[in-house]
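Asks: Provided herewith is a single structure, encoded as structure tokens, for subsequent inquiry.
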Amino acid sequence: MTLVSRLSTLLIILLLVGCSQEKVQIIAGSIYGTTYSVQFTENIDKEEVHNLVKIELDRIDMVFSTYKDDSEISKLNDCLSDPTYPPKSFCFKSASQELITLFERAEIIESMSMGAFTPRPLVTGGQTYDFSAIGKGYAVDKVGEVLVKNGISNYFIDIGGEVSINGTKYGEAWTWGVNNPFNLNSGAYRVFEAPENGISIATSGEYRNPGHIWGEGPKDAMSVTVIDENTTDADAWATAMYVLGAEKGLELAEKQGLAVFFIKNDGNSVNSSEWSKIYP
Numbered sequence: 001m002t003l004v005s006r007l008s009t010l011l012i013i014l015l016l017v018g019c020s021q022e023k024v025q026i027i028a029g030s031i032y033g034t035t036y037s038v039q040f041t042e043n044i045d046k047e048e049v050h051n052l053v054k055i056e057l058d059r060i061d062m063v064f065s066t067y068k069d070d071s072e073i074s075k076l077n078d079c080l081s082d083p084t085y086p087p088k089s090f091c092f093k094s095a096s097q098e099l100i101t102l103f104e105r106a107e108i109i110e111s112m113s114m115g116a117f118t119p120r121p122l123v124t125g126g127q128t129y130d131f132s133a134i135g136k137g138y139a140v141d142k143v144g145e146v147l148v149k150n151g152i153s154n155y156f157i158d159i160g161g162e163v164s165i166n167g168t169k170y171g172e173a174w175t176w177g178v179n180n181p182f183n184l185n186s187g188a189y190r191v192f193e194a195p196e197n198g199i200s201i202a203t204s205g206e207y208r209n210p211g212h213i214w215g216e217g218p219k220d221a222m223s224v225t226v227i228d229e230n231t232t233d234a235d236a237w238a239t240a241m242y243v244l245g246a247e248k249g250l251e252l253a254e255k256q257g258l259a260v261f262f263i264k265n266d267g268n269s270v271n272s273s274e275w276s277k278i279y280p
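Those letters in the sequence shown? Residues 1 to 280, by my numbering.
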């Protein structure tokens, strides 16, 4: 499933040096037209964990992929776009609770963002649904649930740049950073330590793939990073903030209490007051 309506561009920086000689376990692969990696410290069979992660990612693919004709969202969209079908409410009667729950969350953020985020692609006239701008974040959260259920509480999950971090790396903080959008080969624009109680992060920008974000905006920021209670919301809000731009985005972030970090076109950065509470 290509859940990429925009390319989230979060640079993962894991510092594997320090006093501990323990090795972090790493699993990785490809999914949704992008890559994923999961790193954890618990002494649990890596291949067993990888199998559980792949099962969950594939399951989500069959719910939200618009590139699979037999996925749940594709069947819903076929119903919604067919003029011979009964009223549109009929199409949702067979929808799973999982799809309905994410649909409702997407609708809430669409309203809160004044339409800057939308699950309805403009190219289809808003008649069908595409969860690309929220789906990778959702997948990150679901993988996190799988890890916790199987006894893993110290982890670093990354799916296409959407990230969830929890716990520590053998007592040391996990470290993450945001790419320098002006020079992708120069490393991080800024590096941060993740709090032990967890953090969910998403970054949005078009400098690697121009034109892939739905919606018009001032385009005065090269990238936007959002921290939220879960990666699902962070994913959606990162798109909304990028579409709104730095000025309107910060205004809305203050109103909604969002932690947002903009890298502007002039190379300077600005952030919301909520961000400063996490990273003074």
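Backbone N, C-alpha and C fix where the C-beta goes; we use that ideal spot for every residue, glycine too.
On a predicted model such as this, the values are computed, not experimentally measured, just so you know.
Take the Cβ of S96 as the centre, count every other Cβ of all protein chains shown within 10 Å, and call the residue buried at 16 or more, exposed below.
Replies: On the sequence shown, residue 96 is found 96 positions in, with the first residue counted as 1. The residue is exposed, with fewer than 16 neighbouring Cβ atoms inside 10 Å.
Asks: Going by Cα to Cα distance, which pick from A133, V163, S74 and C91 is closest to S37?
Replies: By one-based count along the sequence shown, residue 37 stands at place 37. For the residues A133, V163, S74 and C91, the minimum Cα distance to S37 belongs to V163.
Asks: Rounded to the nearest angstrom, what separates D61 and E22 at their Cα positions?
Replies: Taking the sequence shown and counting its residues from 1, one reaches residue 61 at position 61. Taking the sequence shown and counting its residues from 1, one reaches residue 22 at position 22. Cα to Cα, D61 sits roughly 34 Å from E22.
Asks: Going by DSSP in three states, H212 sits in which element: helix, strand or coil?
Replies: Locating residue 212 in the sequence shown gives position 212, counting from the first residue. Residue confidence is low: H212 scores 45 on pLDDT, short of 50, so the model does not pin down where it sits. Its coordinate-derived value is still stated next. Looking at H212 - three-state DSSP - the assignment turns out to be coil, as it is neither helix nor strand.
Asks: Under the three-state reduction of DSSP, which class applies to E162: helix, strand or coil?
Replies: Working through the sequence shown from its first residue, we reach residue 162 at position 162. Three-state result, E162: strand.
Asks: Considering only their Cβ atoms, is the gap separating N166 from I44 smaller than 8 Å?
Replies: Translated into positions along the sequence shown, residue 44 becomes position 44. Translated into positions along the sequence shown, residue 166 becomes position 166. Cβ atoms of I44 and N166: not closer than 8 Å.
Asks: Is the CB-CB distance between G137 and A202 below 8 Å?
Replies: Residue 137 sits at position 137 when you count from the first residue of the sequence shown. Residue 202 sits at position 202 when you count from the first residue of the sequence shown. Yes; because the gap between Cβ atoms is below 8 Å, this pair is in contact.
Asks: Reducing DSSP to helix, strand and coil, say where C19 ends up.
Replies: Reading the sequence shown from its first residue, position 19 is the one you call residue 19. Unreliable positioning characterises C19 in this predicted model, as indicated by a pLDDT of 41, which lies under 50. A coordinate reading is not provided.
Asks: Starting from I44 and walking both ways along the alpha helix (DSSP H), at which residues does that stretch end?
Replies: Reading the sequence shown from its first residue, position 44 is the one you call residue 44. Careful: I44 lies outside any alpha helix (DSSP H) and carries neither H nor E.
Asks: Okay, do the stretch 229 to 243 and the stretch 167 to 186 touch, 3+ Cβ pairs below 8 Å being the bar?
Replies: no
Asks: Leaving out five residues before and five after Y279 in sequence, what residues of the same chain have Cβ atoms less than 7 Å from its Cβ?
Replies: By one-based count along the sequence shown, residue 279 stands at place 279. Answer for Y279: F192, listed in chain order.
Asks: Let me check one thing: in DSSP terms, what residues is G29 bridge-paired to?
Replies: Start at 1 with the first residue of the sequence shown, and residue 29 comes out as number 29. Paired residue(s): Y36.
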